[in-house]
Structure formats: C-alpha cells, structure tokens
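Below is one structure, written out as structure tokens, with a few remarks after it.
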Amino acid sequence: MTPPRKALAEFVLALGDDSLVLGQRLSEWCGKAPFLEEDIAIANVALDYLGRAEKFYRYVSELEGGHRGVDDIAFLRDSRAYRNLLIFELPVGDFARTMARQLMVDAFHLPYLNRLSRSTDARIGAIAAEAAKESRYHLKRSREWVLRLGGGTVESHGRIQRAFDALWGYGPEMFEMDRHEKALLESGVSVDRSALKAKWQASMTSILVEAGLKVSDQEWSIVGGRDGVHTEHHGYLLAEMQYMQRAYPGLAW
2 MTPPRKALAE
12 FVLALGDDSL
22 VLGQRLSEWC
32 GKAPFLEEDI
42 AIANVALDYL
52 GRAEKFYRYV
62 SELEGGHRGV
72 DDIAFLRDSR
82 AYRNLLIFEL
92 PVGDFARTMA
102 RQLMVDAFHL
112 PYLNRLSRST
122 DARIGAIAAE
132 AAKESRYHLK
142 RSREWVLRLG
152 GGTVESHGRI
162 QRAFDALWGY
172 GPEMFEMDRH
182 EKALLESGVS
192 VDRSALKAKW
202 QASMTSILVE
212 AGLKVSDQEW
222 SIVGGRDGVH
232 TEHHGYLLAE
242 MQYMQRAYPG
252 LAW
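When the count follows my numbering, it moves up by one through the sequence shown with no breaks and lands on 254 for the last residue.
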C-alpha cells in the first residue's frame, strides 16, 4: 500500500518540529551550563536535535514538491502551524528541570526511534537509525544526571523531584497517535506509539526508584501540540528563533 502523500508529509513535519523546538530549547543552555564540559555536552545534544530537524524538513520540502525550502519550514510559520508535542516547548527552567524533561523524552525516543528505523519508508528509516544512535548516548547521559541529582544534596534532590512532578502530565502526549500516524500505520511507515507506553513507564520507574525519587501519582495530562494548540511559551520561543528570517527574509550565511 502506498502511503497517502499528505499524511506522510504531515507525519514527517511533526517529527521535524519536535526536533527543532527541543533543539532550540536546549541551545539556551549554551554558555550557561553548570561547568564547561556540561556546556559542551548539552550544546552537542541540541545540535543533534537540530540536525534531525534539518533532515526531516528537507524530506518535507521534497514531498511538497519544493514549494517551501528548509528555512521556510523552520522559520516562516506561525505557532498554530507547528506540530511539536508540548513537552518539547516548555521553558528549560533550572538544570534539574532540563534533565528531568530530557530523561522523559530520551526514555521514549530510544525505543521509538529503534522501531521507526524499520519503517517501510527508507528515508524515514535512515534518519531514525542515525538518531537512535544519538539517543542511546542522550539516555545514558540524562539517566546519570538524574541519579546524580536525586542522590546528591537535599537541595538537588528536592529540585529534581519537583521537576518530575511538574512535568509528568506532559508525558502521556508522547504516546498519543494523531490521524496522520494512524493513516500510515497499516503500511508500516509509522510506529504505534501507544505500544511503547508500558515499557517507558517501567524504565522511568526503575530509574526514579534508583535515584531515590517518587514516581508521580498524578493522573492529569495535557495534549494539543499535534493540533497546533500550544502553551503560552511557544510564541516567545518562536519570536526569538525566527527573528533573523522575519527581519531579513531570505537571509543566507
């Protein structure tokens, strides 16, 4: 079965938006991380996500017939046109909050990308395979930081616990299937996100318990990112990220 071209483009666009927005958020730590080695490490993680975004957007451009270039897709859309999940757009907060979010998304991304690497769409599969290698390192790093913060001082323990409590309700959206993913599931292009939830919960529980942290028992959840309904933070992020292309359209280095 040939996947619907529109659904395919929208699916790839959403993956690109996830990567771009989280990459932009993580880049805010450049020059501000706790120490130099970490400053370099977190900047490299941000670059990994930006690299993924570029690859996904380039594919979107081709699927659309080249009507929009990569920079147009990245920088010349309004907030409602972005399809990133909400957890990616939240402010970085303190370092504990950044690492809590990173563990949540890394623990999802690794198994998700491993499965997506077997997509029947060769282009998506190749991007996912490369990204999975990066995510293996990302997960190792975020896990080590959560263990370090959870088992550190009273202050660090409290900060990382509060971070997970504040972010936990944004996790369920990672396992929601939108209509485009559902349309591509039968043809083997997309991955059933919902099937990954139990493994993610088990992995998160194991790490949090090892770190001496409590697994949140909160049942609230927030969704809407895939429909273009974002938090108030999204507009501020775009205002900074899009400034150069908005102020000087077509600017090239």
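No residue lacks a Cβ here, since even glycine has one placed at the ideal position from N, Cα and C.
Here the structure is a predicted model, which is why all the values come from computation and not from measurement.
ask   = Looking at the unbroken alpha helix (DSSP H) that takes in P112, where does it start and where does it end?
value = Here residue 112 refers to the residue found at position 111 when the sequence shown is read from its first residue. Here the alpha helix (DSSP H) through P112 covers F96 to L117.
request  = Would you kindly work out how many angstroms separate the C-alpha atoms of L91 and A164, rounded to a whole number?
outcome  = Within the sequence shown, residue 91 is the residue found at index 90, counting from 1. Within the sequence shown, residue 164 is the residue found at index 163, counting from 1. Approximately 12 Å, taken between the alpha carbons.
request  = Please determine, among G229, T154, S143 and A108, the residue with the shortest C-alpha to C-alpha distance to R194.
outcome  = Within the sequence shown, numbered from 1, the residue matching residue 194 stands at position 193. The shortest C-alpha separation from R194 is found at A108.
message = At the level of alpha carbons, what is the spacing between A253 and H68?
response = Looking up residue 253 in the sequence shown gives position 252. Looking up residue 68 in the sequence shown gives position 67. A253 and H68: Cα-Cα distance of roughly 18 Å.
ask   = If you follow the alpha helix (DSSP H) that S20 is part of, which residue opens it and which one closes it?
value = For the purposes of this step, residue 20 is identified with residue 19 of the sequence shown, where counting begins at 1. R6 to S28 is the extent of the alpha helix (DSSP H) around S20.
key: Supposed contact pair R84 and L14 - C-beta distance, whole angstroms, cut 8 Å   = To locate residue 14, count along the sequence shown from 1; it is residue 13. To locate residue 84, count along the sequence shown from 1; it is residue 83. That belief holds up - the Cβ atoms of L14 and R84 are roughly 6 Å apart, short of 8 Å.
inquiry  = Which same chain residues end up closer than 7 Å to G70 when comparing Cβ atoms and leaving out the 5 residues on each side of it in sequence?
reply    = Counting from 1 along the sequence shown, the entry for residue 70 is found at position 69. Cβ within range, chain order: S62.
task = Can you tell me which of the three DSSP states N85 falls into?
result = As a working note, residue 85 is residue 84 in the sequence shown. N85: coil per DSSP, three-state reduction.
query = What residues in its chain sit with their C-beta under 8 Å from that of Y138, if we drop five residues either side in the sequence?
reply = Counted from its first residue, the sequence shown places residue 138 at position 137. Closer than 8 Å at the Cβ level, and outside the excluded window around Y138, lies no residue.
inquiry  = Taking the straight line between their C-alpha atoms, what separation do you get for Y237 and R124?
reply    = Reading the sequence shown from its first residue, position 236 is the one you call residue 237. Reading the sequence shown from its first residue, position 123 is the one you call residue 124. Rounded to the nearest angstrom, the two C-alpha atoms are 32 Å apart.
message = According to DSSP, simplified to helix, strand and coil, what is W248?
response = Reading the sequence shown from its first residue, position 247 is the one you call residue 248. One detail in the question is off: residue 248 reads as Ala in this sequence, not Trp. Three-state result, A248: helix.
ask   = Do H158 and S136 have their C-beta atoms within less than 8 Å of each other?
value = Taking the first residue of the sequence shown as position 1, residue 158 is located at position 157. Taking the first residue of the sequence shown as position 1, residue 136 is located at position 135. Cβ atoms of H158 and S136: not closer than 8 Å.
key: Own chain residues within Cβ distance below 7 Å of F96, not counting five before or after   = Translated into the one-based positions of the sequence shown, residue 96 becomes position 95. So the list reads P35, once near-sequence residues are dropped.
query = Is the Cβ-Cβ distance between Y50 and G17 less than 8 Å?
reply = Here residue 50 corresponds to residue number 49 of the sequence shown, with the count starting at 1. Here residue 17 corresponds to residue number 16 of the sequence shown, with the count starting at 1. One thing to note: Y50 has its Cβ no nearer than 8 Å to the Cβ of G17.
key: Among R26, G225 and M245, nearest to R81 - alpha-carbon criterion   = Translated into the one-based positions of the sequence shown, residue 81 becomes position 80. When only C-alpha atoms are compared, the closest one is G225.
Same chain only: Cβ atoms within 6 Å of P250, ignoring 5 sequence neighbours per side = Taking the first residue of the sequence shown as 1, we reach residue 250 at position 249. Exclusion of the five residues before and after P250 leaves no residue of its chain whose Cβ lies closer than 6 Å to its Cβ.
task = Taking all protein chains shown into account, decide if T206 is buried (16 or more other Cβ within 10 angstroms of its Cβ) or exposed.
result = Here residue 206 refers to the residue found at position 205 when the sequence shown is read from its first residue. Counting Cβ neighbours within 10 Å, T206 comes out exposed, since fewer than 16 surround it.
query = What did DSSP end up calling R180 once you bin it into helix, strand or coil?
reply = Your numbering for residue 180 matches position 179 in the sequence shown. Reduced to three states, the DSSP call for R180 is helix.
key: Host alpha helix (DSSP H) of R227 (start-end)   = Position 226 of the sequence shown, counted from the first residue, corresponds to residue 227. Careful: R227 lies outside any alpha helix (DSSP H) and carries neither H nor E.
Buried or exposed (CB count within 10 angstroms, at least 16 for buried), M100 = Residue 100 sits at position 99 when you count from the first residue of the sequence shown. So M100 ends up on the buried side.
query = Straight-line CA distance for S120 to L114?
reply = Within the sequence shown, numbered from 1, the residue matching residue 120 stands at position 119. Within the sequence shown, numbered from 1, the residue matching residue 114 stands at position 113. Each residue's Cα considered, the two are about 10 Å apart.
ask   = Would you say A8 and A184 are within 8 Å of each other, going by their C-beta atoms?
value = Translated into positions along the sequence shown, residue 8 becomes position 7. Translated into positions along the sequence shown, residue 184 becomes position 183. Yes, these two residues count as a Cβ contact at 8 Å.
ask   = Are there 16 or more other CB atoms within 10 angstroms of the CB of D19, so buried, or fewer, so exposed?
value = The count along the sequence shown starts at 1 and reaches residue 19 at position 18. Its Cβ being crowded by 16 or more others within 10 Å, D19 is buried.
ask   = In this structure, does DSSP put W146 in helix, strand or coil?
value = Looking up residue 146 in the sequence shown gives position 145. Helix.
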